[in-house]
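Those sequence lines, one after another, are chains A and B. Counting with my numbering, you get residues -11 to 285 for the letters of the first sequence. Counting with my numbering, you get residues 188 to 506 for the letters of the second sequence. Below you'll find the structure, written out as structure tokens, and then a few comments.
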Amino acid sequence: MATAEEITGRGKKINLTRSARSPFRSYFDFFMTILTGAFTILTIVPLAALVWDVARQGIGRLGIQSFTELPPPPGLEEGGFGNAILGTLITLGIAAAISVPFGVLAAVYLSEFGRGTRLAYGVKFATNVLAGVPAILAGLFAYTVVVLTTGGFSAFAGGVALSVVMMPIVVRATEEGLLLVPQEMRQAAIGVGATNFQTISRIVIPAALPSIATAVTLALARAGGEAAPLLFTALNNNFWSTDLWAPIATLPVLIYFYAIIPYKAQQEIAWAAALVLLGIVLIVSISSRLLARQRLQ
Amino acid sequence: MSSLAEHPHRSQSLEKRVDTVQIANQSFYWLAVIGAVGIGAVLLWIAVQIGISAWPAIQSYGIQFLTTTTWDPVRNVYGALPQIYGTLVTAAIALVIAIPVGIGVAVFLSEDFLPNSVRTPIALAIELIAAVPSVVIGLWGIFVLIPFLRPFYSFLYDNFSWIPLFSTPPRGNSLLTLGLVLSVMILPTIIAISRGSLIALPRDLRQGALALGATRWETILRVLIPAAFSGIVGSIMLALGRAMGETMAAAMLVGNSNQITPSLLAPGATIASLIASQFGEAGREQVAALLYSGLILMILTLIVNILAEVIIQKFQNVE
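Structure below.
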């Protein structure tokens, strides 16, 4: 378009060059492109800085003992955060046991039974609103429902809180995966006389299993990084614990507590724990997104 | 058929089998319905449960809770105005920064300024900011970002302290620090959804505007952004909900100070940071007061999120 093009038609000459009188228009174009490009760089810089800083600060303290030892009492140096890694796995296990069957069933309803119905519309709406509910409110909810009725902070209460965080993610991502299963596969199964249940359980879900697995890992990565819902449900624990009805240590809560106390050793442990947590979360998120992208292509 | 008649027990078992298949089929359907309805029920349950638990505090502090500034666990006098103020101010700072930047990036990554092979990794990298646990961002904020920002804050205070916004001696933990961090945390939300609604626009819109002689940015600003407006507004609402509900970064970076000053360089508090920092050691009445503030947060974020959903769904229907 920059070069002058002339088209002749019926004896008239039409000039398609943009008005030369307002160079402002092209300057403005150039300026906006540069500005938004700069914004893009500006958006990535904090992420790069954060990953770099966490790696730099956390690597020194990271070792085998990080995964096998208990955190040191204030003043002492040696130790790790093995109990918090175990506790994170336990609370996530409970959260997954609650949210995955629930979420997959809801997604099955949305993609297999309820397409286009009013109920499905409402459920999708509720799922999206639930995804926007701040995680700390999931913690308050689990506190009033579980901690107050069972009489104490516990790994189970933490799991319930995290299941609320996971549920909308599981529903949305699973529904997307189910919708990718070609309609012909369902028709073929129904055509040979299978019932809905047989079609869905033997054909649709196995076909969508990789997507469902992605959905669940994505939800786990998200919930695994949450500290707010655990502060007053699972609380914290300085020792090894596998008791579902006792307070339990988790990585995010450990990072929070150790970041705000003035002991050097604890702060170093917080950085190392942050490196482990960030590593897990980023690797899971990147790989699941790349996998999802490949499937779409 | 004749073989069935010869073996009556077989026909019976076939009937039974058909029966169990039917029952399995029916119960599976109802299980799915229960799962689906359960999602809505959970949302409702959370709201009702927090409301009921906050009821004693609502009765004893009433509407004054929203307008008073005392937070005194010793005398059991509670008012959450500074926290409500802090929540709104930090969210506002975050939006002021994130709206222009976010829409700019969404445009930059939805039009063909860059080749696709460069654009996709950048979009992925930005999405990853949303995946970083907020407690890690808080840790980074305390030990890296605050020391980094300190000279800028001193500069602001030394030169502009006559403006009320910068009128207190700079503190690292402040409303401004949290606002800046929140802006980074909500950028992926704005970018992802705005970009999605820009990409979804029909090609004819672009071609039509360009054919009329508009430049690329005239097309973007006068045609594409207005056309994608509801998606963009929806993304901003979602981001606002996220900024108001963010807890760990708030608890670690805002300073948790129970005061209202016009200065952004002063420490403050948000509803979420208040709950996070006090719930663990709270007595009974204080827990009720904290649940009351949680209910306020719930109402604020529910309104914002429901509006966002309505706006975005409307946009999808138009599509």
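C-beta atoms are modelled at their ideal positions from N, C-alpha and C, and glycine is treated no differently.
A Cβ-Cβ contact shorter than 9 Å links A:I200 with A:V92.
Secondary structure at A:D231: coil, using DSSP grouped into helix, strand and coil.
Using a Cβ distance threshold of 9 Å, B:L374 and B:G289 count as a contacting pair. Its chain contains G289, V292, A293 and I313 as the residues whose beta carbon lies nearer than 6 Å to that of B:I378, once the 5 sequence neighbours on both sides are disregarded; these appear in chain order.
DSSP places A:V96 within a helical segment (H, G or I) once states are collapsed to three. Under the three-state reduction of DSSP output, B:V264 falls in the strand class.
Straight-line spacing of the CA atoms in B:N443 and B:G421 works out to 30 Å. For A:V117 and B:L489, the gap between their C-alpha atoms comes out near 7 Å.
Among the residues facing chain B, A:A215 is included, as its CB has a counterpart in that chain under 9 Å away. At a cut-off of 9 Å between beta-carbon atoms, B:N445 makes no contact with chain A. Taking CB atoms only, B:E433 has a neighbour in chain A less than 9 Å away.
Contacts with chain A (Cβ-Cβ distance below 8 Å) from the stretch 461 to 476 of chain B involve I462, A463, F466 and G467, listed in chain order.
Counting the other CB atoms within 10 Å of its CB gives B:R262 a total below 16, which places it among the exposed residues. Contact annotation: A:W233 and A:G147 have beta-carbon atoms that are not nearer than 9 Å. For B:T402, there is no enclosing alpha helix (DSSP H), since its DSSP letter is neither H nor E. Excluding its 5 nearest sequence neighbours in each direction, B:L352 has C-beta neighbours in its own chain below 7 Å: P449, S450 and L451, listed in chain order. For chain A, the residues of the stretch 229 to 244 of chain B that bring a beta carbon within less than 7 Å of one of its beta carbons are V229, L230, I233, Q236, I237 and S240, in chain order. At least one CB atom of chain B sits nearer than 9 Å to the CB of A:A123. Using a Cβ-Cβ distance cut-off of 8 Å, the stretch 233 to 240 of chain B and the stretch 402 to 411 of chain B are not in contact, since fewer than three pairs of beta carbons, one from each stretch, lie closer than that value.
Put simply, the backbone Cα of A:S273 is about 36 Å away from that of B:R409.
Judged by beta-carbon spacing, A:M154 lies beyond the 9 Å limit of A:A94, meaning their Cβ atoms are not closer than that value. Spanning the alpha carbons of B:P338 and B:V491 requires a straight line of approximately 36 Å. Taking the Cα of A:E100 as reference, the smallest distance to any Cα among A:E164, A:G70 and A:L77 is reached at A:E164. Separation of B:A279 and B:I447 (C-alpha to C-alpha, rounded to the nearest whole angstrom) is 16 Å. DSSP, reduced to helix, strand and coil, places B:W349 outside both helices and strands of the structure shown, so it counts as coil. Here B:D391 is not bridged, per DSSP, to any residue. Neighbours of A:L118 across chain B, judged by C-beta separation under 7 Å: I226, V229 and L230. A:R49 counts as buried, since no fewer than 16 other beta carbons sit within 10 angstroms of its beta carbon. Around the beta carbon of B:A398, fewer than 16 other beta carbons lie within 10 angstroms, which makes this residue exposed. Taking a contact to require three or more Cβ pairs closer than 8 Å, the stretch 40 to 47 of chain A and the stretch 261 to 271 of chain A qualify as touching. With a threshold of 9 Å between beta carbons, B:W404 makes contact with chain A. Interface flag for A:I243 against chain B is set, since a Cβ pair is found closer than 9 Å. The alpha carbon of B:T255 has as its nearest neighbour, out of B:P243, B:I245, B:P269 and B:W242, the alpha carbon of B:P269. Around the Cβ of A:Y15, a 10 Å sphere holds fewer than 16 other Cβ atoms; the residue is exposed.
Taking 8 Å as the upper bound for CB-CB distance, B:I499 and B:I271 are not in contact here, some 27 Å apart.
What A:F90 touches in chain B, judged by beta-carbon distance under 7 Å, is G222 and G225, going in chain order.
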